[in-house]
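Residue numbers (our numbering): -11 to 452.
Reviewing the structure listed below.
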Ligand code: HEM
C-alpha cells in the first residue's frame, strides 16, 4: 500500500480479496468528468461502465436490453461466416449488424478508434469518432439523423435539437459503450487464444481453450475502484476517496485457488477466472464474448484468409514476381548484412528462395487438389531457418538465375490459373483456401523482397 496526503492506494492480488473488493458496494469505478454530447468525456460519463448506484442500474438495463436482442449462437455463426477482417473489427461489425445498425464497417472503424482511447487520455480523433457514432446509435424511434446531427451543430435550431432527449442520448451512449467494451477485450482474447506457445496441440473444446486463456493471459489485466465511503476488505481499512487497484492477472494465478497456476491447462476445473468481473458488474456480454471469440476461431484462421479483389488472379501473381525481380535487380549492391524483420532475418538469396518455394509449394497443392489427390504434408523450414547459402553474396549470375527461375514459375502459374473456370477458382476442389485466394496469398510473397528493399546505391555510396 502507498500513501499520499490526500488518499491512499490499496492493491489486491489474491483471488478471494479481489472478489470481495469487486462486490463491495462502496468501491466503485472511478467516475469520469463529462463533456459536451458527442465527446469522449461525455461518453465515459454516460455509460454504465463508470457509473454507480441507481444510475448504474438504469444504464446497465439499457445494455442488457440490447444484448437480449443478440443470440450468442447466431453471433457465432455470423462471425464465422462473414468477410475476413481483424478480430476487433469482426467483433464490432458482427454486433453492429446483429443490432440492425447500418454502415457496420464504418461503425467498426469508429468504435476501434474510441476503444483505443476509452481508458486513456482524450484524443481528437476519438472525439470525432464518438460524434460520428452518436446520431447513428440513437434508439429506433429517434433515428432521425438530420435532427440528431443538428444536435452536434452549435448553431442548430433549438426546437429541433430538443427532440433528442437525455434519455435517448443515454441509450445511444450505452450502445456505443457496449460496442467499445466488446471491441478490445474480445479482440485481445482472440489474439491470446491464438498464441501458439500457449496452446497445447489438443484442447477439449474451444470454450475450454477460451476460459483457460481468460485465466492465464487475460485481456483485462486490472481494474480500478474508488471508495465512496469508509469500508474494509479482508481487514484492510479503506478510507473514503482511497483508490483500489485490483490485479486480475495475479488473482487468476493465485496458487491457493489454481494448482500449477503458470501452466496453461484447458482441462483444469475449478472456480472461474475473474476476467469478466463479479456481480453487480459482472460483464453482461460474457456469453456474447465467448461466442464471438469461438466464431472467429472457428473460421479457417480467419485473419489469414487472403483478401481477394477484382484483379485477374494470374495478374496478381505475375505482378508480384515483377515487383520482386525489380527489387532484386538492385541486390548485387548488398553489403552482406542480413536484414532483421519481425523476429526473422532476411538476405537476397533467402528472399528469392522463399518466393520460389512459396510458388512451388502452392502449385503442388493446387495440382494435387485438381487431380483429386491428397496434398503433401508441410515439411518446409521456410523463413525460420537461414542457410549458409542464404548468406552468400548475391552476384550478377545469381540475379540472372533468379530472373529465369521466378519468371518461369510465374508463367506456369499464369497458365494454370488462366485454364481454370470461375467455378474452379471460387469453389475449388479439396480442402483449404479457394484457388483465387491462394493466388492472392501468393501475391503477398512480395513481403520477402520488401524485407530487403531497394538497394540502389545513393550518391554518397550508401544503399537507399
Ligand atoms: C473477452 C471479452 C470481455 C471481457 C474480458 C470483458 C470484461 C468485462 C469486465 C471485467 C467488466 C466489468 C468492469 C468492472 O467491474 O469495472 C465488463 C463490463 C462490461 N462489459 Fe465486458 N468484457 C468482454 C466482452 C464484452 C462484450 C462482447 C460485451 C458486449 C457485447 C461487453 C459489454 C460490457 C459492458 C456493457 C460492461 C459494463 C457493465 C456494467 O458496468 O455494469 N463486454 N466487461
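The beta-carbon is built from N, C-alpha and C at its ideal position, and this holds for glycine as well.
- Taking each of 114, 61, 226, 329 in turn and checking the Cα distance to residue 95, the smallest one comes out for 114.
- Annotation: the region 333 to 361 contains the following complete segments of the alpha helix (DSSP H) (minimum length 4 residues), in chain order: 336 to 358.
- Distance from the CA atom of residue 159 to the CA atom of residue 97, rounded to whole angstroms, is 21 Å.
- Using a C-beta cut-off of 8 Å, the region 1 to 9 makes contact with the region 237 to 251, since at least three inter-stretch Cβ pairs fall below that distance.
- Here DSSP, grouped into helix, strand and coil, assigns residue 327 to strand.
- Counting C-beta atoms within 10 angstroms of its own C-beta, residue 338 has 16 or more neighbours from the protein chains shown and is therefore classed as buried.
- Shortest gap from the CB of residue 263 to any heavy atom of ligand 1: under 7 Å.
- When only Cα atoms are considered, residue 413 and residue 71 end up about 17 Å apart.
- Per the coordinates, the alpha-carbon of residue 313 lies some 18 Å from the alpha-carbon of residue 427.
- Residue environment for residue 270: exposed (fewer than 16 other C-beta atoms within 10 angstroms of its C-beta).
- The Cβ atoms of residue 378 and residue 341 lie closer than 8 Å to each other.
- Under the rule that a run must span 4 or more residues, the alpha helix (DSSP H) segments found entirely inside the region 10 to 86 read 28 to 34, 41 to 56, 60 to 69, 75 to 86.
- Given a length threshold of 4 residues, each whole run of the alpha helix (DSSP H) inside the region 357 to 431 is given here in chain order: 384 to 406, 410 to 414, 423 to 431.
- Of the residues 62, 11, 396, the one whose Cα lies closest to the Cα of residue 212 is 11.
- Per the Cβ contact rule, the region 47 to 54 is in contact with the region 31 to 38 (3 or more Cβ pairs under 8 Å).
- Per DSSP, the beta bridge partners of residue 226 are 219.
- DSSP places residue 278 outside any beta strand (DSSP E); the residue lies instead in the alpha helix (DSSP H), whose first and last residues are 274 to 286.
- Short of 8 Å from the beta carbon of residue 58, and not among the five residues preceding or following it, lie these beta carbons of its own chain, in chain order: 83, 86, 87, 276.
- Here residue 353 is buried: its Cβ has 16 or more other Cβ atoms, across all protein chains shown, within 10 Å.
- Sixteen is the threshold: when 16 or more other Cβ atoms of the shown chains lie within 10 Å of the Cβ of residue 200, as they do, the residue is buried.
- In the DSSP assignment, residue 235 forms a beta bridge with 210.
- Membership of residue 435 in the alpha helix (DSSP H) is indicated by the continuous run 434 to 440.
- The criterion of a C-beta distance shorter than 8 Å is satisfied by residue 430 and residue 308.
- In this structure, DSSP gives residue 271 a state outside helix and strand, which the three-state scheme calls coil.
- A Cβ-Cβ distance of about 6 Å is found for the pair residue 417 and residue 358, placing them in contact under the 8 Å criterion.
- Residue state for residue 106 is assigned as coil, using DSSP reduced to three classes.
- In the three-state reduction of the DSSP assignment, residue 293 falls in the coil class, being assigned neither a helical nor a strand state.
- Taking 8 Å as the upper bound for CB-CB distance, residue 349 and residue 368 are in contact here, some 6 Å apart.
- Secondary structure note for residue 168: its alpha helix (DSSP H) is the uninterrupted segment 154 to 182.
- By the Cβ-count criterion, residue 7 is buried, with 16 or more other Cβ atoms from all chains shown falling within 10 Å of its own Cβ.
- In the three-state DSSP reduction, residue 262 falls in the coil class, being neither helix nor strand.
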